[in-house]
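Quick note on numbering: my numbering labels position 13 of the sequence shown as 15, and the sequence is numbered without any gaps.
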Amino acid sequence: MTRQNYLFTSESVAEGHPDKVCDRISDEIVDLVYREARKTGMDPWKVRVAC
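Have a look at this one:
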């Protein structure tokens, strides 16, 4: 792909934007599941989480 045909875009959202809030909630859920898995002796690499 030549530079002439290359298009780069990005998105920036401010703190408190719904996308950021949802990302933070899902990150906390995943962290909680992994923390609990370690407490019970499960291998965190084998845990599957869908948020």
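Beta carbons are placed, not taken as given, at the ideal position from N, Cα and C, and that holds for glycine.
Whether residue i touches residue j by CB criterion (7 Å)
| i | j | result |
| --- | --- | --- |
| Val51 | Val32 | yes |
Element boundaries [alpha helix (DSSP H), containing residue i]
| i | result |
| --- | --- |
| Ala39 | 20-41 |
Cβ-based neighbour list, residue i, same chain, cut-off 6 Å, excluding 5 preceding and 5 following
| i | result |
| --- | --- |
| Asp25 | none |
Chain-order list of residues whose beta-carbon lies under 7 Å from that of residue i (same chain, five-residue window excluded)
| i | result |
| --- | --- |
| Pro46 | Tyr36, Ala39, Arg40 |
Beta-carbon contacts of residue i that lie in its chain and below 8 Å, excluding the five residues immediately before and after
| i | result |
| --- | --- |
| Val15 | Asp21, Lys22 |
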